[in-house]
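Asks: Protein sequence lines correspond, in order, to chains A, B and C. The working numbering numbers the first residue of the first sequence as 28 and each following residue consecutively. The working numbering numbers the first residue of the second sequence as 28 and each following residue consecutively. The working numbering numbers the first residue of the third sequence as 28 and each following residue consecutively. Here a beta-carbon is modelled for each residue, glycine too, at the ideal position from N, C-alpha and C.
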Amino acid sequence: MKHLLTVSDLDQRELLQILDDATMYEKGQMIWKPSNSMFVSNLFFEASTRTRCSFEMAQHKLGLQIIPFEVMTSSVQKGETLYDTIETLAAIGVQSVVIRHPEDEYYKKLQHEVSIPIINAGDGCGQHPTQCLLDLMTIRQEFGSFNGLNVAIIGDLRHSRVAKSNAEMLTKLGANVYLSGPKEWQDHSNICGHYVEMDEAIEIADVVMLLRIQLERHNEAPHSLNNTYHEKYGLTIEREKRMKKGSIIMHPAPVNRGVEIADELVECNRSRIFKQMKNGVFVRMAVLARSLQSVERGMTHDNYHQKWHMAK
Amino acid sequence: MKHLLTVSDLDQRELLQILDDATMYEKGQMIWKPSNSMFVSNLFFEASTRTRCSFEMAQHKLGLQIIPFEVMTSSVQKGETLYDTIETLAAIGVQSVVIRHPEDEYYKKLQHEVSIPIINAGDGCGQHPTQCLLDLMTIRQEFGSFNGLNVAIIGDLRHSRVAKSNAEMLTKLGANVYLSGPKEWQDHSNICGHYVEMDEAIEIADVVMLLRIQLERHNEAPHSLNNTYHEKYGLTIEREKRMKKGSIIMHPAPVNRGVEIADELVECNRSRIFKQMKNGVFVRMAVLARSLQSVERGMTHDNYHQKWHMAK
Amino acid sequence: MKHLLTVSDLDQRELLQILDDATMYEKGQMIWKPSNSMFVSNLFFEASTRTRCSFEMAQHKLGLQIIPFEVMTSSVQKGETLYDTIETLAAIGVQSVVIRHPEDEYYKKLQHEVSIPIINAGDGCGQHPTQCLLDLMTIRQEFGSFNGLNVAIIGDLRHSRVAKSNAEMLTKLGANVYLSGPKEWQDHSNICGHYVEMDEAIEIADVVMLLRIQLERHNEAPHSLNNTYHEKYGLTIEREKRMKKGSIIMHPAPVNRGVEIADELVECNRSRIFKQMKNGVFVRMAVLARSLQSVERGMTHDNYHQKWHMAK
Chain A
28 MKHLLTVSDL DQRELLQILD DATMYEKGQM IWKPSNSMFV SNLFFEASTR
78 TRCSFEMAQH KLGLQIIPFE VMTSSVQKGE TLYDTIETLA AIGVQSVVIR
128 HPEDEYYKKL QHEVSIPIIN AGDGCGQHPT QCLLDLMTIR QEFGSFNGLN
178 VAIIGDLRHS RVAKSNAEML TKLGANVYLS GPKEWQDHSN ICGHYVEMDE
228 AIEIADVVML LRIQLERHNE APHSLNNTYH EKYGLTIERE KRMKKGSIIM
278 HPAPVNRGVE IADELVECNR SRIFKQMKNG VFVRMAVLAR SLQSVERGMT
328 HDNYHQKWHM AK
Chain B
28 MKHLLTVSDL DQRELLQILD DATMYEKGQM IWKPSNSMFV SNLFFEASTR
78 TRCSFEMAQH KLGLQIIPFE VMTSSVQKGE TLYDTIETLA AIGVQSVVIR
128 HPEDEYYKKL QHEVSIPIIN AGDGCGQHPT QCLLDLMTIR QEFGSFNGLN
178 VAIIGDLRHS RVAKSNAEML TKLGANVYLS GPKEWQDHSN ICGHYVEMDE
228 AIEIADVVML LRIQLERHNE APHSLNNTYH EKYGLTIERE KRMKKGSIIM
278 HPAPVNRGVE IADELVECNR SRIFKQMKNG VFVRMAVLAR SLQSVERGMT
328 HDNYHQKWHM AK
Chain C
28 MKHLLTVSDL DQRELLQILD DATMYEKGQM IWKPSNSMFV SNLFFEASTR
78 TRCSFEMAQH KLGLQIIPFE VMTSSVQKGE TLYDTIETLA AIGVQSVVIR
128 HPEDEYYKKL QHEVSIPIIN AGDGCGQHPT QCLLDLMTIR QEFGSFNGLN
178 VAIIGDLRHS RVAKSNAEML TKLGANVYLS GPKEWQDHSN ICGHYVEMDE
228 AIEIADVVML LRIQLERHNE APHSLNNTYH EKYGLTIERE KRMKKGSIIM
278 HPAPVNRGVE IADELVECNR SRIFKQMKNG VFVRMAVLAR SLQSVERGMT
328 HDNYHQKWHM AK
């Protein structure tokens with residue numbers, strides 16, 4: 028069985044293989060469908076449009092069957108544990124679950140107990156592995172490799188589940204990671220990278236990766252943040268002009284327009300924000316397919332023959 | 028790209044063409060399926076059973092794939108704008124969206140900005156074009172044409188999104204529109220038609236079209252309404268007896284039984300209320316197909332060849 | 028048309044036929060798909076994971092098309108009655124509805140009025156026929172027949188919709204039913220069986236059937252219950268040791284771990300709790316198929332030819 032819980036679980040070969048698969052799905056050069064009907068379920072304990080719809084789209088494109096699950100109308104409301112919920116779905120015939128959950132490392136104990144693979148779609152302030160993979164795909168698409176690339180990650184470093192994984196993987200893959208953001212949101216113990224001033228970050232970066240202010244995870248009043256944040260740490264129209272030639276802008280979205288980035292820049296030439304969303308579908312197809320192939324192999328036990336079919 | 032935002036956008040030829048298509052779908056004389064998988068999403072920001080399930084049924088019957096979207100569990104909860112939500116869905120691969128929204132003309136700015144067609148499933152107190160089309164289909168089914176027909180629209184004229192479009196289109200198509208209802212709900216600036224007394228309306232009408240009291244849009248206590256409304260403006264058992272031979276009763280539903288119409292009349296011989304719901308599926312098939320055909324043509328650019336296939 | 032509202036509606040031949048069908052579905056010895064697309068809808072007015080997902084899985088496996096219905100975003104919020112909701116779905120093309128509702132015997136009047144079959148997925152403190160059927164399937168799987176079997180039903184007898192139907196059907200099928208549980212939750216008028224002390228029940232039973240404490244239906248504070256309940260009426264580790272050789276443990280779930288049953292016993296060798304969930308899918312396939320076959324026959328009127336196809 029093959030969970031995907033953190034990107035750190037992936038060795039470099041596996042990670043690049045997923046990016047290769049995603050690229051082949053994007054170009055229509057690879058098709059995988061399960062040999063028999065396969066069933067998945069999406070358990071979202073937090074609000075989501077992008078990630079949830081993107082997984083659903085990937086599942087449709089792989090020809091998977093989706094058993095709908097809504098937290099608000101489920102037995103979670105009667106106090107059922109996450110383990111019992113997953114094993115119930117497994118008993119009913121669900122073969123893999125995608126989970127987003129507000130608790131950091133909700134999967135810690137679960138991963139050794141459940142009988143079907145979990146794909147982590149975000150855990151609290153922890154990780155969001157498919158977001159990291161789609162970010163890496165978007166960067167590789169643009170620059171061909173990661174080696175020597177300057178990537179500036181800017182904003183709410185402490186609460187972001189994107190920042191940590193991206194900083195770690197980019198560093199492993201040879202990029203130089205620069206960090207910037209308000210002092211009270213810096214995170215010196217968990218994120219690898221060099222802290223620099225905002226204006227320096229903008230000028231040296233090949234990739235300006237803005238983070239979302241997770242207003243829903245803060246206790247401060249959003250207004251007091253918005254007023255000053257854009258001037259100090261946002262990508263203003265003026266700052267964009269000082270970006271390097273050929274450099275790009277990324278943001279995991281949803282964007283707080285006029286806060287992390289000027290409204291006018293969200294869809295500017297440098298922006299890859301909607302491209303990231305497009306790539307998300309292909310990355311999730313690659314991840315789901317690998318996970319379900321491991322289930323298929325498990326089901327037939329001695330049948331390890333290759334299930335991948337190349338499109339002509 | 029082809030939005031459907033208001034019925035006024037349709038010229039008479041187009042409108043009648045949609046009714047013809049719907050009739051052919053109803054009779055099983057027309058089949059259209061997209062040549063490749065096509066994806067749609069239904070964004071309902073207001074409660075709905077009829078319209079929502081009817082669109083889902085139409086989508087199933089056309090073989091479309093539906094990416095589920097629930098406002099309550101989406102990033103709308105994090106403050107994402109409608110524009111960003113639609114463009115996110117578009118980036119992920121959704122090719123048309125059906126939207127119901129509490130804001131009048133929510134589409135006003137959007138329609139020039141979004142990259143996929145919007146089908147309006149109701150905007151505030153504004154329009155509800157597929158409801159208008161299904162009403163027209165139901166009337167034409169009964170009487171063959173609209174010319175010279177007397178249609179009485181009765182009730183909460185000001186808050187109704189059905190009244191305005193129906194009055195406008197029926198007048199254009201040659202019917203005589205009569206209006207009746209409480210003074211405080213009359214709307215002399217926006218609705219075309221002759222105001223008459225309730226009892227006169229009942230006696231001259233070929234079609235008695237009752238409007239729903241949109242209790243959820245009123246501030247008054249529903250009880251005070253219900254007590255007197257039925258006697259004054261409801262279709263009572265006594266009033267039904269004075270209706271013309273061959274005349275029919277319509278209501279967009281959900282019906283407040285015993286308020287707009289006597290409980291016993293909801294499914295009486297004259298009533299076309301459930302027939303309206305049946306027709307809704309076919310009208311929506313016609314509208315969705317036209318919208319997605321425009322997307323298909325856009326995708327292939329120089330391929331404007333006819334995608335409609337007649338069933339043998 | 029063929030509702031399934033209570034198990035008492037089924038004569039013994041019909042009941043055993045459903046269990047036979049379910050067993051054939053389980054073994055892959057029977058396949059039924061509707062000859063044309065058939066549409067169903069699941070109306071859950073109470074929280075559920077197991078029952079709801081299990082019906083969805085059964086529907087997928089039968090190749091049915093599901094029109095999603097969410098109470099919270101439906102016109103039920105505008106006061107639409109259950110009758111009008113069902114008839115609306117029927118008008119739109121839905122051919123059978125699965126309903127869970129908090130009101131006892133919500134179907135009482137409905138069943139003579141609606142135009143499509145209802146499958147009851149639980150009514151208040153009333154019945155839950157497919158749960159009863161899956162329990163019977165699980166017992167028959169284990170022991171081959173019901174004759175002379177000792178079945179102890181333990182716990183919240185009064186609020187449980189499982190206890191009543193199971194006690195009635197098991198008695199009819201020749202089993203001896205023993206009941207145990209807190210005095211204030213006993214129900215001498217509605218449930219057939221012999222009341223015995225907890226420790227006696229455990230020792231004589233071939234089947235120890237634990238009931239869920241429906242905390243959501245009680246007014247007492249759950250903590251005061253939990254503290255003493257497990258010692259007095261729960262299946263403790265110590266009690267399990269005194270169970271008969273070959274006897275099994277059942278529970279309709281969701282389990283309150285450490286209350287009705289010790290955490291460690293939920294997945295022990297004797298436990299059939301997850302097996303019950305697996306069987307639920309097959310029982311629901313059998314029930315849905317029978318219900319829809321009656322619709323199919325109704326549709327063609329003079330065509331009563333057998334629609335069941337045996338798999339080779």
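Measuring only between beta-carbons, confirm whether G307 of chain C sits less than 9 Å from chain B.
Replies: Output row for G307 of chain C: interface = no.
Asks: Could you check what DSSP says for S298 of chain B in three-state terms: helix, strand or coil?
Replies: Three-state DSSP puts S298 of chain B in a strand.
Asks: Rounding to the nearest angstrom, what Cα-Cα distance links I113 of chain A and D226 of chain C in this structure?
Replies: One C-alpha to the other measures close to 33 Å.
Asks: How would you call C219 of chain A, buried or exposed, if buried means at least 16 neighbouring beta carbons within 10 angstroms?
Replies: C219 of chain A comes out exposed.
Asks: Might you give, ordered along the chain, the residues of its own chain that have their beta carbon closer than 6 Å to the beta carbon of V308 of chain B, omitting 5 neighbours on each side?
Replies: Excluding positions up to five away in sequence, the list reads S81, M84, A85.
Asks: Can you tell me the Cβ-Cβ gap for V235 of chain B and S274 of chain B, rounded? I've got them flagged as a contact below 8 Å.
Replies: Sure, about 7 Å apart at Cβ, within 8 Å.
Asks: With a threshold of 9 Å between beta carbons, is I240 of chain A in contact with chain C?
Replies: Taking Cβ atoms only, chain C never reaches closer than 9 Å to I240 of chain A, which makes this a no.
Asks: In chain order, what residues of the stretch 61 to 87 of chain A put their CB closer than 8 Å to some CB of chain B?
Replies: Cβ contacts with chain B come from F71, A74, S75, T76, R77, R79, C80, S81, E83, M84, H87.
Asks: Can you name the start and end residues of the beta strand (DSSP E) that I143 of chain B belongs to?
Replies: Per DSSP, I143 of chain B belongs to no beta strand (DSSP E) and is neither H nor E.
Asks: Expressed to the nearest angstrom, what Euclidean distance is found between the alpha-carbon atoms of Q15 of chain A and N147 of chain A?
Replies: With chain A running from 28 to 339 in the structure shown, residue 15 of chain A is simply not present.
Asks: Measure the alpha-carbon distance for P7 of chain B versus L70 of chain B and round it to whole angstroms.
Replies: Outside the displayed range of chain B (28 to 339) lies residue 7 of chain B, so it cannot be described from this structure.
Asks: Where A190 of chain B and E195 of chain A are concerned, what is the direct C-alpha to C-alpha distance, given to the nearest angstrom?
Replies: Distance between the alpha carbons of A190 of chain B and E195 of chain A: 60 Å.
Asks: Report yes or no: is there a C-beta of chain C within less than 9 Å of the C-beta of K302 of chain B?
Replies: Yes - at least one Cβ of chain C is within 9 Å of the one on K302 of chain B.
Asks: Counting along the chain, where does the beta strand (DSSP E) carrying F71 of chain B start and finish?
Replies: Here the beta strand (DSSP E) through F71 of chain B covers 66 to 71.
Asks: Assuming V178 of chain C contacts A232 of chain C under a Cβ cut-off of 8 Å, what Cβ separation, rounded to an integer in Å, is found between them?
Replies: Contact flag correct, Cβ pair sits at about 7 Å.
Asks: Which first and last residues belong to the alpha helix (DSSP H) in which S123 of chain A is found?
Replies: Unbroken run through S123 of chain A is the beta strand (DSSP E), 123 to 128; no alpha helix (DSSP H).
Asks: Any idea what DSSP makes of H215 of chain B, helix, strand or coil?
Replies: In the structure shown, H215 of chain B sits in coil (DSSP, three-state: anything other than H, G, I, E or B).
Asks: Could you check where the beta strand (DSSP E) with M277 of chain C kicks off and where it finishes?
Replies: From DSSP, the beta strand (DSSP E) with M277 of chain C extends over 275 to 277.
Asks: Along the stretch 270 to 289 of chain B, where does the CB come closer than 9 Å to a CB of chain C? Name the residues.
Replies: Residues passing the 9 Å Cβ filter: A280, P281, V282, N283, R284.
Asks: Between M99 of chain C and chain A, is there a C-beta pair that is closer than 9 Å?
Replies: So, interface residue.
Asks: Name the residue from C:I180, C:S75, C:R79 whose alpha carbon lies nearest to the alpha carbon of S68 of chain C.
Replies: Taking only the C-alpha atoms, the option nearest S68 of chain C is C:R79.
Asks: CB I121 of chain B to CB I143 of chain B, shorter than 9 Å?
Replies: What sits at residue 121 of chain B in the sequence shown is Val, not Ile. Yes, the Cβ-Cβ distance between V121 of chain B and I143 of chain B is below 9 Å.
Asks: Output yes if chain B places a C-beta closer than 9 Å to the C-beta of L340 of chain C; else output no.
Replies: Nothing can be reported for residue 340 of chain C: it is not among the residues displayed for chain C, which extend from 28 to 339.
Asks: So, I240 of chain C versus I276 of chain C, is the Cβ gap smaller than 9 Å?
Replies: Going by C-beta atoms, I240 of chain C is not nearer than 9 Å to I276 of chain C.
Asks: Name the two residues that bound the continuous beta strand (DSSP E) containing L206 of chain A.
Replies: Counting along the chain, the beta strand (DSSP E) containing L206 of chain A begins and ends at 203 to 207.
Asks: Examine the Cβ distances between the stretch 182 to 189 of chain B and the stretch 200 to 217 of chain B and report whether three or more of them are shorter than 8 Å.
Replies: Flag = yes, the stretch 182 to 189 of chain B and the stretch 200 to 217 of chain B touch.
Asks: So what does DSSP say about G106 of chain C, is it helix, strand or coil?
Replies: Residue state, collapsed to three classes: coil.
Asks: Quick check on the DSSP output: the beta strand (DSSP E) that includes V234 of chain B runs from which residue to which?
Replies: That run of the beta strand (DSSP E) goes 234 to 237.
Asks: In this structure, does DSSP put V98 of chain B in helix, strand or coil?
Replies: Here V98 of chain B sits in helix by DSSP.
Asks: Go ahead and pull the three-state DSSP assignment for H221 of chain B.
Replies: The answer is strand: DSSP assigns H221 of chain B an E or B state.
Asks: Using the beta-carbon count (16 or more within 10 Å), is Q303 of chain C buried or exposed?
Replies: By the neighbour-count rule (16 or more Cβ atoms within 10 Å), Q303 of chain C is buried.
Asks: Does the Cβ of D162 of chain C have 16 or more other Cβ atoms within 10 Å, making it buried, or fewer, making it exposed?
Replies: D162 of chain C comes out buried.
Asks: What residues in its chain sit with their C-beta under 7 Å from that of T263 of chain A, if we drop five residues either side in the sequence?
Replies: Counting only Cβ-Cβ distances below 7 Å, and skipping sequence neighbours, we find H257, A289.
Asks: Can you confirm whether the stretch 52 to 62 of chain B touches the stretch 150 to 160 of chain B when touching is taken to mean that 3 or more C-beta pairs between the two stretches lie within less than 8 Å?
Replies: Touching, no, given that fewer than three Cβ pairs across the two stretches are closer than 8 Å.
Asks: DSSP state of Q44 of chain C, grouped into three classes?
Replies: Q44 of chain C: helix per DSSP, three-state reduction.
Asks: Less than 7 Å between C-beta atoms, sequence neighbours within five positions excluded: which residues of the same chain meet that for R269 of chain A?
Replies: Contacts found: I229, E230.
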